[in-house]
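S.K.:
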Amino acid sequence: MFNPAVNVVSFVFSAGTGLLFGYFPACPAASRDAMEALRQQ
Numbered sequence: 007m008f009n010p011a012v013n014v015v016s017f018v019f020s021a022g023t024g025l026l027f028g029y030f031p032a033c034p035a036a037s038r039d040a041m042e043a044l045r046q047q
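Just add 6 to the spot in the sequence shown (first one is 1) and you have the numbering used here.
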């Protein structure tokens, strides 16, 4: 019943999804000036 391949695939998929959706918002945020971002709030 226990299939290690399913666990590995699900871990890689969830880690990849987390990295993907964390990386894309972080890239534009990292390139902005911090003071300009605080002024816009």
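For every residue, glycine included, the Cβ atom is placed at its ideal position computed from N, Cα and C.
1. How is N9 classed by DSSP in three states: helix, strand or coil?
2. Excluding the 5 residues flanking A40 on each side, which residues of the same chain have their C-beta closer than 8 angstroms to its C-beta?
3. Give the secondary structure of R38 by DSSP, where H, G and I count as helix, E and B as strand, and everything else as coil.
M.R.: The short version:
1. coil
2. none
3. coil
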